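Okay, structure first, notes after.
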Amino acid sequence: MQQVPALEDQRLLRTTSYVDGAWEAGEAREVLAVNNPATGATIAEVRTANAADTRRAIEAAHRAFGEWRRTTVKERAGILRRWYELTIEAAEDLAVLMTAEQGKALFESRGEIQYGASFIEWFAEQAKRADGDVFSGATPHTRAVCIRQPVGVVAAITPWNFPNAMIARKVAPALAAGCTVVVKPAEDTPLSALAMAELAERAGFPAGCFNVVVGNPQEIGAELTGSPLVRKLSFTGSTAVGKLLEEQCAPTLKRTTMELGGNAPFIVFDDADLDDAIAGALLSKYRNSGQTCVCANRFLVQDSIYDEFCERLVAATGELVLGNGADEGVTQGPLINTEAIAKVTGLVNASIEAGAECVMGGKPADLGECFYPHTVLRDVTPDMPVFRNEIFGPVAALTRFKDEAEAIALANDTDAGLCAYVYSRDIGRVWRVAEALEYGMVGMNEGIISSEMAPFGGVKASGWGREGSRYGMDDYMDIKYLCVGGLDR
Ligand code: ADP
Numbered sequence: 000m001q002q003v004p005a006l007e008d009q010r011l012l013r014t015t016s017y018v019d020g021a022w023e024a025g026e027a028r029e030v031l032a033v034n035n036p037a038t039g040a041t042i043a044e045v046r047t048a049n050a051a052d053t054r055r056a057i058e059a060a061h062r063a064f065g066e067w068r069r070t071t072v073k074e075r076a077g078i079l080r081r082w083y084e085l086t087i088e089a090a091e092d093l094a095v096l097m098t099a100e101q102g103k104a105l106f107e108s109r110g111e112i113q114y115g116a117s118f119i120e121w122f123a124e125q126a127k128r129a130d131g132d133v134f135s136g137a138t139p140h141t142r143a144v145c146i147r148q149p150v151g152v153v154a155a156i157t158p159w160n161f162p163n164a165m166i167a168r169k170v171a172p173a174l175a176a177g178c179t180v181v182v183k184p185a186e187d188t189p190l191s192a193l194a195m196a197e198l199a200e201r202a203g204f205p206a207g208c209f210n211v212v213v214g215n216p217q218e219i220g221a222e223l224t225g226s227p228l229v230r231k232l233s234f235t236g237s238t239a240v241g242k243l244l245e246e247q248c249a250p251t252l253k254r255t256t257m258e259l260g261g262n263a264p265f266i267v268f269d270d271a272d273l274d275d276a277i278a279g280a281l282l283s284k285y286r287n288s289g290q291t292c293v294c295a296n297r298f299l300v301q302d303s304i305y306d307e308f309c310e311r312l313v314a315a316t317g318e319l320v321l322g323n324g325a326d327e328g329v330t331q332g333p334l335i336n337t338e339a340i341a342k343v344t345g346l347v348n349a350s351i352e353a354g355a356e357c358v359m360g361g362k363p364a365d366l367g368e369c370f371y372p373h374t375v376l377r378d379v380t381p382d383m384p385v386f387r388n389e390i391f392g393p394v395a396a397l398t399r400f401k402d403e404a405e406a407i408a409l410a411n412d413t414d415a416g417l418c419a420y421v422y423s424r425d426i427g428r429v430w431r432v433a434e435a436l437e438y439g440m441v442g443m444n445e446g447i448i449s450s451e452m453a454p455f456g457g458v459k460a461s462g463w464g465r466e467g468s469r470y471g472m473d474d475y476m477d478i479k480y481l482c483v484g485g486l487d488r
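Residue numbering for the sequence shown follows numbering that gives the first Met the number 0, beginning at 0 and increasing consecutively.
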């Protein structure tokens, strides 16, 4: 069954890779079917790029870098700004396309387009502020000057859970810094990436500055990581693939940014405002059907309020509506594919077998092949699979704790260190706990924390590098020290 999404501007639906300012013909290449996870229908067939196409994209990016790095910051800012404006103008089409290929509820897709665009706008502004420093000289006749220069060609490998924003968050700072980029989007969601390239072309980026190659991850990944012309890899995805790519980047000593998996604790103390905590829990847990790396993965709830929190969470969760994300009133769409269903089902079943009590949901829903219902498990202990693994599904797992020390120990009992949440109205406690948490980001009485103005990133096995904020261009720039001598002559 073919079901092409109807867009106001149908030219946003591109089905070939974009290399060196041209839409690839790629007649002889294999075809990748893009499916709507809500209906199972094929929405487009994309002609894939292979290793040779990827090499051409890298070479084009390398050629373009020579010119692009020499443009003024004002020129780069202007083109980025135009890209931002075109994105906002096309927002509804981009959202419709995203829901069709990714499944998330339409209001969430609309939100993501605005969120992704906010990075383009932000880095259009930041481009003008990538200044250097002047330091004292080591001798009376020298001065030390630091300038910041773009690292070169950047490869970006991105996931399907935020098909637009994860690209914008990497590509905008890279282009702002004067780098050029080759993006490999996830195979489940290439259409959003190609639509971004279409708008970037209209915005006026010179050929080769921004390339998108769609195809086999191993084949394209090997080219991107192996090429000496690529000076940096920015990756968002699973920890397992991140480790593999890090190894592949080692021989050419590439700089890397690694935004990897999370296992976010959501800690609720007995002095928390429970209305706030429940509202935050719903947003943090069920957004994108639980498929974000900052989703609350483990609810750690203090003894005396454990039962009440559980009852209230179940009641509030019962108000949410699972269905086709394109339908009015739906709050959560399907999971991305049948493998995701199998993974979540496996984690839930194994945890129930190990003693967790399922108080809501717990079995795939019969709305289609990719639907998993909102699920609440209580009496979860640290040995259980839902505690130890990133669930990436709409499953709330509740664990009990006695005191602050135990809450911190449970929260830190994982390799991951991306995002944590803590709810308490005691300002001393919330501050103490936030400082003790081994995470790159902490929501203090707040369940949604991402913004273009704040640094996003993790510690431990969640990776390194910070995206967004005034630090967001650092990963795309080298500091060069100029020792200015001869001041005495
Ligand atoms: P997820 O589990 O969220 O799908 P992955 O880490 O598998 O996360 O995927 C994130 C991105 O990494 C996707 O674009 C995917 O195609 C890509 N990817 C997966 N395996 C490889 C690989 N071996 N080499 C390069 N890219 C890969």
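Yeah, the Cβ is synthetic: ideal placement off N, Cα and C, and Gly gets one too.
Since the model is a prediction, treat every value here as computed from it, not as a measurement.
Report the three-state DSSP secondary structure of residue i (helix, strand or coil).
i	result
residue 251	helix
residue 287	helix
residue 21	strand
residue 470	coil
residue 150	coil
residue 309	helix
residue 43	strand
residue 31	strand
residue 275	helix
residue 161	coil
residue 240	helix
residue 72	helix
residue 86	helix
residue 15	strand
residue 169	helix
residue 446	coil
residue 488	coil
residue 6	coil
residue 282	helix
residue 175	helix
residue 370	coil
residue 140	coil
residue 316	helix
Using a 10 Å radius around the Cβ and a threshold of 16 neighbouring Cβ atoms, would you call residue i buried or exposed?
i	result
residue 82	buried
residue 55	buried
residue 52	buried
residue 73	exposed
residue 434	exposed
residue 452	exposed
residue 249	exposed
residue 133	exposed
residue 139	exposed
residue 466	buried
residue 17	buried
residue 135	exposed
Which residues mark the beginning and the end of the alpha helix (DSSP H) in which residue i is found?
i	result
residue 348	337-352
residue 125	105-125
residue 477	Premise fails: residue 477 lies in the beta strand (DSSP E), 476-483, not in any alpha helix (DSSP H).
residue 92	90-101
residue 358	That residue, residue 358, is in no alpha helix (DSSP H); its beta strand (DSSP E) goes 356-359.
residue 211	No alpha helix (DSSP H) contains residue 211, which is instead part of the beta strand (DSSP E) from 209-211.
residue 192	189-202
residue 222	216-225
residue 384	384-387
State the beta-bridge partners of residue i as determined by DSSP.
i	result
residue 295	263
residue 156	183 and 234
residue 257	234 and 463
residue 55	Answer is none; residue 55 lacks a bridge partner.
residue 331	321
residue 145	132 and 480
residue 301	400
residue 1	41
residue 455	466
residue 229	152
Report yes or no: is there a C-beta of chain E within less than 8 Å of the C-beta of residue i?
i	result
residue 462	Of the chains in the structure shown, none is chain E; there is only one protein chain.
With residue i as the anchor, note down where its beta strand (DSSP E) starts and where it stops.
i	result
residue 376	374-377
Q) Where are the beta strand (DSSP E) runs, 3 residues long or more, that stay fully inside the region 391-444, in chain order? A) Look at the region 391-444 and you find these whole runs of beta strand (DSSP E), each 3 residues long or longer: 394-400, 418-422 and 440-443.
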